[in-house]
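Peer 1:
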Amino acid sequence: MKRFFVRVYDLTAFSLRFFKEALLPPYEFGEFAQHLQNFGSRSFPLVSVIGLLMGLILALQTKPTLERFGAESFLPAMVAISVIRELGPVITALVVAGRVSSGIGAEIGSMRVTEQIDALEVSSVDPYRFLVVPRVLAGTIALPLLTAYADLLAVLGAYVFMFVSGGMGWQLFVTSTISSLSISDVVPGIGKTFFFGYVISIVGSYFGFNAAGGTEGVGKAATSAVVFASFLILIMDFVLVKVGILLFE
Amino acid sequence: MIEITNLYKSFGDLVVLSGLSLSVARGETFSILGKSGTGKSVTLKCIVGLLEPDAGEVLVDSTRVDISNRRGLSEIRKKTGFLFQGGALYDSMSVRKNLTFNLRRHHKVTNNEANEKAEHYLTLVGLKGAIDKMPSELSGGMRKRAALARALVIEPQILLYDEPTTGLDPITSAEISELIGDMHKRFGMTAIVVTHDILCAGIVSDRAGVLKDGLLKYTGKMNELAGIEDEEVRGFFRNPL
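Chains as they are written, first to last, in my numbering: chain D, 2 to 250; chain S, 2 to 242.
#1: In the stretch 75-87 of chain S, which residues sit with their C-beta less than 8 Å from some C-beta in chain D, listed in chain order?
#2: Using 8 Å as the limit for Cβ to Cβ distance, is residue 38 of chain D near chain S?
#3: Per the DSSP calculation, residue 56 of chain D is bridged to which residue(s)?
#4: Would the beta-carbon of residue 142 of chain D fall within 8 Å of that of residue 197 of chain D?
#5: Say whether chain S places a C-beta atom closer than 8 Å to the C-beta of residue 119 of chain D.
#6: Could you check if residue 25 of chain S is buried or exposed, using at least 16 other CB atoms within 10 Å of its CB as the buried criterion?
#7: Which value, in whole angstroms, describes the spacing of the CA atoms of residue 95 of chain D and residue 240 of chain D?
#8: Let me check you understand the geometry: is the CB of residue 69 of chain D closer than 7 Å to at least one non-hydrogen atom of the ligand HEM?
#9: Using a Cβ-Cβ cut-off of 8 Å, state whether residue 108 of chain S counts as contacting chain D.
#10: Is there at least one Cβ from chain D nearer than 8 Å to residue 103 of chain S's Cβ?
#11: How many Å lie between residue 191 of chain D and residue 89 of chain D at the Cα?
#12: Taking residue 115 of chain D as the query, report the chain S residues whose CB atoms sit under 8 Å from its CB, ordered along the chain.
#13: Let's test the definition: count the other Cβ atoms within 10 Å of the Cβ of residue 232 of chain S and tell me whether it reaches 16, buried, or not, exposed.
#14: Buried or exposed: residue 242 of chain S, going by 16 or more other Cβ atoms within 10 Å of its Cβ?
#15: Have a look at residue 97 of chain D and residue 9 of chain D and give me their C-alpha separation to the nearest angstrom.
#16: Is DSSP giving residue 189 of chain S helix, strand or coil here?
#17: Could you tell me whether any Cβ in chain D is nearer than 8 Å to the Cβ of residue 205 of chain S?
#18: Taking 8 Å as the CB-CB limit, is residue 84 of chain D close to chain S?
#19: Is residue 39 of chain D helix, strand or coil by DSSP?
#20: Within 8 Å (strictly less), CB to CB, does residue 43 of chain S reach chain D?
#21: Looking only at its own chain, which residues have a Cβ that is under 7 Å from the Cβ of residue 163 of chain D, when we skip the five neighbours before and after it?
#22: Could you list the residues in the stretch 23-56 of chain D with a C-beta less than 7 Å from some C-beta on chain S, going in chain order?
#23: CA-CA distance, residue 159 of chain S and residue 26 of chain D?
#24: In angstroms, rounded to a whole number, what distance separates the CA positions of residue 192 of chain S and residue 37 of chain S?
#25: Any idea what DSSP makes of residue 56 of chain S, helix, strand or coil?
#26: Does the beta carbon of residue 49 of chain S come closer than 8 Å to any beta carbon on chain D?
#27: Taking all protein chains shown into account, do 16 or more other C-beta atoms lie within 10 angstroms of the C-beta of residue 232 of chain D, making it buried, or fewer, making it exposed?
#28: How about residue 186 of chain D and residue 91 of chain D: do their beta carbons lie closer than 8 Å?
#29: Taking C-beta pairs closer than 7 Å, name the residues in chain S that residue 122 of chain D reaches, listed in chain order.
#30: Between which two residues does the beta strand (DSSP E) carrying residue 163 of chain S extend?
#31: For the alpha helix (DSSP H) containing residue 245 of chain D, name the first residue and the last one.
#32: Go ahead and pull the three-state DSSP assignment for residue 242 of chain S.
#33: Can you give me the Cβ contacts of residue 5 of chain S inside the same chain, cut-off strictly under 8 Å, excluding the 5 residues immediately before and after it?
#34: Three-state secondary structure (DSSP) at residue 27 of chain S?
#35: Would you please verify whether the beta carbon of residue 188 of chain D is less than 8 Å from any beta carbon of chain S?
#36: Does residue 103 of chain D have its Cβ less than 8 Å from a Cβ in chain S?
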């Protein structure tokens with residue numbers, strides 16, 4: 002138990018250090034651009050499939066119930082609100098955590114155990130600024146974009162289901178979707194993904210940075226990064242939903 | 002010049018260094034011999050501030066490393082080359098980028114100058130053809146050579162070697178040792194070589210010391226050490242490979 006709290010304290014200190022280091026030069030623009038591209042390209046195919054499936058499954062699940070009450074026309078609104086407010090951000094974040102957080106943990110962890118981080122330090126390069134700051138910035142910016150993309154695909158998935166099952170035309174579907182959404186759905190939904198993106202990258206970096214004990218340590222860093230990041234995303238989601246309700250409703 | 006006085010370092014209950022003292026003159030190459038786990042690498046890491054000693058003083062060119070802040074350490078590190086045991090080449094960069102990375106950040110050289118220097122030092126270590134390869138495409142010996150070129154390219158006043166021949170076959174070990182010896186003759190830098198390879202120590206060192214029980218027990222020229230009546234020291238000379 003003591004070890005857990007020590008770890009939480011360390012992770013908090015490591016996470017807060019980001020806000021200080023990100024402001025100080027030198028700024029690693031090249032690294033940032035590369036990690037932004039990595040973040041996107043690593044997650045893009047998976048997020049595309051998950052987004053589309055999310056909409057399809059949600060429509061498939063809810064259509065019979067709505068039909069029973071004669072409320073089938075509410076399906077686009079129901080899918081859009083559920084996806085944009087909650088399912089899109091959380092599922093995308095969890096999927097990306099599995100893909101990216103473990104990747105960052107393994108990458109930085111392997112640099113730690115092969116002394117590449119020591120080599121950076123001996124070269125007078127601050128490893129935190131060079132390795133962590135660009136990754137975390139990239140993660141914080143990339144996840145909202147990926148989530149918006151996944152949300153769009155989910156809505157498209159729902160439409161595909163409605164179209165195939167012969168229920169609704171494109172124009173009616175789009176009108177119904179857009180009119181059901183308000184700013185209080187979109188802003189909290191996308192807003193919380195900035196926090197999730199930050200958590201995914203910082204947790205991966207933390208476990209990678211503290212990897213020890215050769216290849217076994219790298220594996221542990223990758224696994225712990227996913228578990229901890231997923232756990233924190235869900236806790237944070239609970240808090241941010243509460244904050245969203247207070248601010249927007 | 003490097004001066005270490007009464008250096009202590011422990012990891013939990015494990016005492017690694019217990020009062021180590023060492024003095025290396027400018028332009029001298031000193032080898033630290035010792036069995037695995039005796040604290041050879043720990044000593045090197047204390048010299049560049051990668052590890053903080055529990056007690057004792059580490060002086061590099063009249064700067065106290067053990068009490069230096071980030072800026073002070075940075076100044077010492079800019080004039081120090083470090084060859085890591087596994088090479089520690091940056092996996093995500095080509096050999097060229099590995100060499101020019103540090104130059105471009107701290108040594109105010111243009112891209113062209115950095116590339117020229119990289120090519121020059123890779124030629125010196127016999128690796129010019131591998132300049133655009135990735136570290137994963139290199140063999141163990143080539144990695145060591147590339148890492149040596151990376152350490153040399155900043156033209157350091159001090160060079161620290163952590164087991165430069167470990168994991169290499171005897172022929173490549175001898176080649177790397179000869180290469181290190183040549184570089185020292187050519188550039189005259191101050192160097193500390195941590196090794197348990199007695200052949201390497203014989204080729205590169207002006208003086209050497211045997212690290213045992215957290216202290217440098219014996220120091221002297223290699224031929225002087227060879228005559229010491231200590232089972233561990235004799236063990237090194239009896240089994241040179």
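Glycine included, each C-beta is placed from N, C-alpha and C at the ideal position.
Peer 2: Looking at the coordinates:
#1: If the cut-off is 8 Å between Cβ atoms, the stretch 75-87 of chain S has 75, 78, 79, 81, 83, 85, 86, 87 near chain D.
#2: Between residue 38 of chain D and chain S, the shortest Cβ-Cβ separation is not below 8 Å.
#3: According to DSSP, which records beta bridges pairwise, residue 56 of chain D is partnered with nothing at all.
#4: Result no, Cβ atoms of residue 142 of chain D and residue 197 of chain D do not sit closer than 8 Å.
#5: Interface residue, yes.
#6: Counting of Cβ neighbours within 10 angstroms places residue 25 of chain S among the buried residues, the total reaching 16 or more.
#7: Approximately 16 Å between the Cα atoms of the pair.
#8: What this structure holds is no ligand at all, so the ligand HEM is not there to describe.
#9: Not an interface residue.
#10: Yes, because at least one Cβ of chain D sits closer than 8 Å to the Cβ of residue 103 of chain S.
#11: Residue 191 of chain D and residue 89 of chain D: Cα-Cα distance of roughly 9 Å.
#12: The answer, in chain order, is 87, 89, 92.
#13: The Cβ neighbour count for residue 232 of chain S, taken over all protein chains shown within 10 Å, is under 16; the residue is labelled exposed.
#14: Low confidence applies to residue 242 of chain S: its pLDDT is 47, below 50, so where it sits in the model is not reliable, and the reading given next is rough at best. If you draw a 10 Å sphere on the C-beta of residue 242 of chain S, you find fewer than 16 other C-beta atoms in it, and that means exposed.
#15: Roughly 22 Å separates the two Cα atoms.
#16: In the three-state reduction of the DSSP assignment, residue 189 of chain S falls in the coil class, being assigned neither a helical nor a strand state.
#17: At a cut-off of 8 Å between beta-carbon atoms, residue 205 of chain S makes no contact with chain D.
#18: Not one chain S Cβ lies under 8 Å of residue 84 of chain D.
#19: DSSP places residue 39 of chain D in helix when its eight states are reduced to three.
#20: With 8 Å as the cut-off, residue 43 of chain S does not count as an interface residue toward chain D.
#21: Same-chain partners within the cutoff: 60, 76, 169, 174.
#22: Those would be none; no residue qualifies.
#23: Rounded to whole angstroms, the gap between the alpha carbons of residue 159 of chain S and residue 26 of chain D is 28 Å.
#24: The straight-line gap from Cα to Cα measures roughly 20 Å.
#25: Correct three-state label for residue 56 of chain S: strand.
#26: Closer than 8 Å: yes.
#27: Exposed, by the Cβ-count rule.
#28: No Cβ-Cβ contact shorter than 8 Å links residue 186 of chain D with residue 91 of chain D.
#29: In chain order, 51 make up the part of chain S whose C-beta sits under 7 Å from the C-beta of residue 122 of chain D.
#30: Residue 163 of chain S -> beta strand (DSSP E) spans 159-163.
#31: From DSSP, the alpha helix (DSSP H) with residue 245 of chain D extends over 215-249.
#32: Note that residue 242 of chain S scores a pLDDT of 47, beneath 50, so its modelled location is shaky and nothing firm can be said.
#33: Excluding residues within five positions, the ones whose Cβ falls inside 8 Å are 21, 22, 23, 24, 44, 47, 48, 57, 58, 59, 60.
#34: It is coil, neither helix nor strand.
#35: Using a CB distance cut-off of 8 Å, residue 188 of chain D does not count as an interface residue toward chain S.
#36: Judged by the 8 Å Cβ criterion, residue 103 of chain D is not in contact with chain S.
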